[in-house]
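Using this note's numbering, you'd call the opening residue of the sequence shown number 15 and step up by one each time.
Glycine included, every Cβ here is placed at the ideal spot set by N, Cα and C.
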Amino acid sequence: MFYHLSAGPQGAGLAEYWQIMALMTGIIFAGFLLCIWLLWMPGRGQSGSAFVYALLLVGLLACLAVHPATNDSLAVNNWALYGDRGLVWSRFRDNAANGGELRFADVYREPPRRVESDAARNLVILYAESMERTYFDEKRFPGLITELRALEKESVSYINIAGLEGTGFTIGGMVASQCGLPLITAGNANSMDGMDAFMPEARCLGDIFKSSGYHLEYMGGADLSFAGKGEFYTTHGFDNVSGLQELKPLLTDTNYVSNWGLYDDALLPLFVNRFQSLVSLGEPFALVGLTMDTHHPSGHASRSCEDVQYQDGSNAMLNAVKCADAMVAAVVRQLRALPGAENTVFVVASDHLALKNDAWGTLNAGPRRNLLMVFAPDSESDTENALGSTLDTAPAILRYMGMPEASVGLGRDLIHEKTGVRSQPRATDLVLSWRNAYKQFWNYPEAFERITALPGERAVELDKRRFDVPVLITFDKAEVESIQFASGTKLTLDRAVAAMTPEQSLLWIDACQRVRAMSLVLERTGLCVFAGKWGSRQADTLLLTNDQSYEAADIAAFGAMPLNKKSIERRRRNLASLRAFNEPSLRQSSISLPGLDVNRNIEIRSTGGPGASSFIKVDGVRVNFSRGLNLVALAESGEIQTLGNVDPCGLEESQPMPTLRQFLDAASTSQATADGSVSMDVSRGNLAVIVHDSARCTRSAGEAFEGLPIVEGLSLEVRQPYVALFAGGEKPTLITEYAGDRFSALSLTVSGGESATDITTSY
């Protein structure tokens, strides 16, 4: 669940995590109620409150356990014990330069251009989602896999296909098994759907078969947009690519879909029908499919398997695996009995090792391996035990297509050559050390002359290349180093920008709200670009409009500009503010006030514009404000009371403007509230004025301040944040006031003190 909240929910089945999300919501709500109860319960702070303190301690420990900082601390601890992975990569690069480790160029082999065989055999690959061979283990899962186990006796079964970095997710497993390359990118590998072509310079099985005159098709029940799956197959020669949107209309019941897509008992009949249609064309073909019922965390057993269960049926994931065992085996038997099967190679493989699911503990009780079974004409059944990875799948397939001893990228024919990448010491670190080599397969534009913005299409064109936005391109002089994309609302590019060194040159095209972190002169809405060196004052920033061309000839010159210390500090603050508050220009201040308990801390937030809250919070109790100017009394004890609100934007031109002083006078002369309780004495303590959204539209906010000693507030603009603090009394005295940039926000921390002291002020 948390992964997809980061990588983006498009095409992902987040609905299956509703129990976890509901539980977390309940825990948060329960914690809030507990805080309220502890705050207001009778006798708090008196003797005999040990139980209350125990509850507070338990709550504190629970918060500490789940806080992100704990995870960060554990990561730091791991670095201390085992070393920074980045340092490991550097060590491999250094050793490779000295001949101490394998270099990418020494291991990579060009895939064949075409199928070189006398017999043009057809190919069918059926990926079984997360259906790893580990489920065959009778000690861990007795009686779970029966049908595929029986079918395996008719195949060549590779039983030692391990996992490897960059291959452990669906698109990564497909790239690895068809291209012989791990999917390791500068950003999140599941967000590369923003590219106009998916690894166009890699030669994969699709490219090999297409150049050999094959007709190619892909069928999968999930949405093609997720992780760029559709783009991958389209780029590599597939004629027809079908996913959820294309296949759903073919169902008798179009509502019969799971959170991820088509159920397997709906997909597999379509798959069989497509095989028969392709056979009838009389030309060689390759058909690739992907099942879905065994997707983590709990699987999605098809309707036809309602009566199928594993053991007592308590584990939904294993029930789904049991069901998939029967269905996948049945469809393979059905396909192999059809006309045309005598000239077809059938492959059944897991796309990757299972991700965390309901059987996680048992899966990890021993070694884990991927599933790979090949059924080929004239091939005797056999078991191949050479250690390999999914990188070695493509050479295995080519062997049975009539090309023994073929190599594809980093993949090897394990029957002929048992020394693939997976057999190397520290194989994961090895493939990670080649990260820079993988970018050659994406055909990044080495240099470009012009950017054309297409905001309405959420895209930009770099010369003739088209990329979805948001996009972040790093370069060295005129050479592109990497291209990263955002995905969803959580995987934002500002995190990657914040991690860069000041010397890095970049081109960042994103929502202006985010790019403003690099230059606050930008507007808050629309699509903006930052081009230049991260830490240089002399960079280019502008708002992009439809069909506007941005000349990029100056980028290399910007990259040569000197660093500027103030620009570096300002951007770091802005990026941190953007991450914390979704607002790059948040002004943060702290002030100590007389007349306030020294043990109290009050947080005040003023937001200029919609989309975020303005509030005052004391000891965890938060009060949100309405649009306009809000007058609040702050008692010495920290108690708060809203005295009134003036909304100039809600008034007609003919209506008189209320004043904040009127609310203050009314509160001072009456201590009885509407519900009969006694109000706090607002003639003592302090007062605050807090603006939410906007203090003015067509009419000046100055009218509302009549009778109060305001200075900056008299000239507030539309959607400008503002906070003012007063010492109470018959004649209030202004302590301080803060006015931020339009469409920005203010954050003010107020603590008790002997005299008014402005501690820090920063943007």
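Where DSSP assigns a beta bridge to residue i, which residues make up the other side?
i      : result
TRP522 : LEU486, PHE544
ASN371 : Per DSSP, none; premise fails for ASN371.
PHE499 : VAL485
HIS706 : THR621, GLY642
PHE299 : HIS229
ALA338 : Looking at the DSSP assignment, ALA338 forms no beta bridge with any residue, so it has no partner.
PHE740 : LEU701, LEU748
GLU565 : ARG464
ARG551 : Per DSSP, none; premise fails for ARG551.
LEU607 : GLY766
In three-state DSSP terms, what is residue i?
i      : result
ARG464 : strand
SER328 : coil
ARG509 : helix
GLN348 : helix
ASN615 : strand
ASP661 : coil
MET233 : strand
MET532 : coil
ASP132 : coil
ARG593 : helix
ILE429 : coil
GLN259 : helix
LYS580 : helix
SER714 : coil
GLN655 : strand
ASN333 : helix
GLN676 : helix
LEU424 : coil
SER627 : coil
VAL322 : coil
MET209 : coil
VAL635 : strand
Start and end of the beta strand (DSSP E) containing residue i?
i      : result
PHE360 : 358-364
ALA473 : 473-476
LEU264 : Segment: none, LEU264 is in no beta strand (DSSP E) and carries neither H nor E.
SER256 : 254-256
TYR172 : 170-172
Less than 7 Å between C-beta atoms, sequence neighbours within five positions excluded: which residues of the same chain meet that for residue i?
i      : result
GLY182 : HIS366, LEU367
LYS432 : ALA400
ARG472 : ASP482, VAL483
TYR414 : VAL359, VAL388, ALA390, SER393
By the 10 Å Cβ neighbour count, where 16 or more other Cβ atoms means buried, how is residue i classified, buried or exposed?
i      : result
ILE175 : buried
LEU140 : buried
ALA119 : exposed
HIS430 : exposed
VAL535 : exposed
VAL612 : exposed
THR559 : exposed
GLU146 : buried
LYS153 : exposed
ASN202 : buried
LEU195 : buried
ILE41  : exposed
LEU853 : Nothing about residue 853 can be reported from this structure: the residues present for the chain run from 15 to 777 only.
Under 7 Å from any heavy atom of the ligand COA, does the C-beta of residue i make it?
i      : result
THR404 : The model on display carries no ligand, and the ligand COA is accordingly not part of it.
With a threshold of 8 Å between beta carbons, is residue i in contact with chain C?
i      : result
ASP120 : No chain C is present in this structure, which holds just one protein chain.
Go to residue i, then tell me how far its alpha helix (DSSP H) extends in each direction, as first and last residue.
i      : result
ALA119 : 118-121
ASN399 : Taken as a continuous stretch (DSSP letters only), ASN399 belongs to no alpha helix (DSSP H), as it is neither H nor E.
MET188 : 184-193
ARG449 : 449-452
GLY244 : 243-249
THR305 : That residue, THR305, is in no alpha helix (DSSP H); it is neither H nor E in DSSP.
ASP221 : 219-224
LEU412 : 407-414
Counting only the same chain and skipping the five closest in sequence on each side, list residues whose C-beta sits under 6 Å from that of residue i.
i      : result
LEU760 : ARG601, SER620, PRO735, VAL737, TYR752, GLY754
SER563 : ARG464, THR466
LYS243 : ILE185
PRO598 : ARG530, ALA531, ASN588, SER591, LEU592
LEU762 : SER603, ILE618, VAL737
GLU419 : ASP427, HIS430
TYR247 : TYR232, VAL255
Enumerate in chain order the residues of its own chain whose CB-to-CB distance from residue i is below 8 Å, with the five nearest sequence positions on each side excluded.
i      : result
ALA355 : LEU349
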